[in-house]
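Throughout the sequence shown, residue numbering follows the working numbering, covering 1 to 393 in sequence. Just so you know, even glycine gets a beta-carbon here, dropped at the ideal spot from N, CA and C.
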Amino acid sequence: MTVIVPPADVRSRVVELRREIHRHPELGFEETRTQALVERELDELGIEHRRVAKTGVVGVVRGAKPGRVAGLRADMDALPITEKSGEPFSSEVPGKMHACGHDAHTAMLLGAARVLQGMRDELHGSVVLLFQPAEEGPGGAEPMIAQGALDDPKVEAVAMLHVDPRLAPGQIGVTPGPVNASADEFFVTVEGRGGHGAYPHTAADAIPAAAAIVTALQNIASRETDPLKSVVVTIGTINGGYRNNVIADEVKMTGTLRAHDPEIRNGLEARARRIIEGVAAAYNVKATLQVNYGYPPVVNNVQLAQNFRDYMKEHSGLRVESPPPTMGAEDFAYFAQRVPGVHVRLGIRSDKAGSIYPGHSAQFRIDEEALPVGVQTLVAFARAVGNGEVAFE
Ligand SMILES: [Zn+2]
Ligand SMILES: [Zn+2]
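This is the structure we're talking about:
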């Protein structure tokens, strides 16, 4: 089967939709304008759809021929950033910006929907279009799944695209196994006893204890984890004290714990607690740890990812890479826990378009040459899953 390259009218429509969404960024679970745009486009295409997870949309393209059911997921939300990209279609909403490319993800899925709906007489199986809110937090994937987004029709394999400034337009990345990390936030409170800065022996200083905890926590990554496995322990904030000559009675810290391996992730809290409480005891203060569990790691189904990668290498004419995983997080993890899933990286980097900045930067840009590549990739996944050319258990 040949891979369909989107025709010119689809290409221009995707650019138009992407710019329209880009001008009007919305934060998680506030994507009402984007939701309406998605619904309007699906209505125009004659694609059935329903609402889920407040601002999410599930559409279904039903192929005329029998086959498996593929899910395609795009996130829709923006970030609380003031745009400084200089693009002529920059955000019209102060303090909000599509700085992670979710505008492009949504537009490309609408482009894929257009192509797939146009060929449904020859299409094997069905394609479930998953327009997801709130990827940047608090998380739209879980409520979508809870409200049956994967159940009717039953999705058998799911793919997503994420723009990636490590790769150029015309390149995609498919890596089997873990590709994104878990992201769990933690809170540490160190409680000492305050006093006069001149008489430290009459107090229990929370500040040196906190400093020792910060240093000791790094042992989780450097000494307690297999050096060939990935772990991040980052302290992002540290606050305590009153003034130069007062001994602090309390220090509060927050941070993020990340890992690729679910087993390593599950052990991080206990390791952190042992270190925090042990160091606190050594410094004659008390310390407590609280962990709020966030997104699990994204683990690409090995068989599905390998077969899709091989399929694209053989049929697409694109440069198919296997970039290393990152420690960033993605709530696509929940979809990929439910059914075999693959997170596909889409190259967007070019000097010509100035798309050289990382995601979440106020200068973030996308080379729009990448958009038809993304449409092509989504369509190929849906067709090849549907007709069994990309096999998986
Ligand atoms: Zn992001
Ligand atoms: Zn993102």
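**Prompt:** How about Ala210 and Val251: are their beta carbons less than 8 Å apart?
**Reply:** Cβ distance < 8 Å, so Ala210 and Val251 count as in contact.
**Any non-hydrogen atom of ligand 1 closer than 7 Å to His360 Cβ** = Yes.
**Asked** What runs of the beta strand (DSSP E), each 3 residues or longer, lie entirely inside the segment 21-86?
**Response** As for any beta strand (DSSP E) of minimum length 3 sitting wholly inside the segment 21-86, the runs are 48-52, 56-62, 70-75, ordered along the chain.
**C-beta contact flag for Ile213 and Val232 at 8 Å** = Pairing Ile213 with Val232 gives a Cβ-Cβ distance that is not under 8 Å.
**Prompt:** Can we count His22 as close to ligand 2, meaning its CB is less than 7 Å from some heavy atom?
**Reply:** For ligand 2, not one heavy atom lies less than 7 Å from the Cβ of His22.
**Item:** Opposing strand residues paired with Thr189 [DSSP bridges]
**Value:** Residue pairing by DSSP places Thr189 opposite Lys252, Thr288 in a beta bridge.
**Prompt:** Is it a yes or a no for the segment 274-293 touching the segment 168-178, going by three-plus beta-carbon pairs under 8 Å?
**Reply:** Because the criterion of three Cβ pairs below 8 Å is not met, the segment 274-293 and the segment 168-178 do not touch.
**Request:** Would you mind sorting Val279 into buried or exposed? The rule is 16 or more other CB atoms within 10 Å of its CB.
**Result:** Flag for Val279 reads buried.
**Prompt:** Would the C-beta of His162 count as close to ligand 2, meaning under 7 Å from any of its heavy atoms?
**Reply:** For ligand 2, at least one heavy atom lies less than 7 Å from the Cβ of His162.
**Message:** Less than 8 Å between the C-beta atoms of Leu17 and Pro80, yes or no?
**Reply:** For Leu17 and Pro80, no; Cβs fall outside 8 Å.
**Message:** Can you give me the C-alpha to C-alpha distance between Ala181 and Pro133, rounded to a whole angstrom?
**Reply:** If I take the Cα positions, the gap works out to 20 Å.
**Asked** For the candidate residues Ala168, Phe131, Arg273, Arg193, whose alpha-carbon lies nearest to that of Leu150?
**Response** Nearest C-alpha to Leu150: Phe131.
**Request:** Would you kindly report the start and end of the unbroken alpha helix (DSSP H) that includes Ser182?
**Result:** No alpha helix (DSSP H) contains Ser182, which DSSP labels as neither H nor E.
**Candidates Leu228, Ala146, Arg271, Pro372, of which the one nearest Ala8 by Cα** = The residue among Leu228, Ala146, Arg271, Pro372 with its C-alpha nearest the C-alpha of Ala8 is Pro372.
**Message:** Taking 8 Å as the threshold (C-beta atoms), are Leu129 and Phe186 in contact?
**Reply:** In this structure, Leu129 does not lie closer than 8 Å to Phe186 by Cβ.
**Prompt:** What runs of the alpha helix (DSSP H), each 4 residues or longer, lie entirely inside the segment 182-244?
**Reply:** Segments of the alpha helix (DSSP H) lying fully in the segment 182-244: 206-217, 219-222.
**Request:** May I ask you to report which of helix, strand or coil DSSP gives Gln147?
**Result:** Secondary structure of Gln147 (DSSP, three-state): coil.
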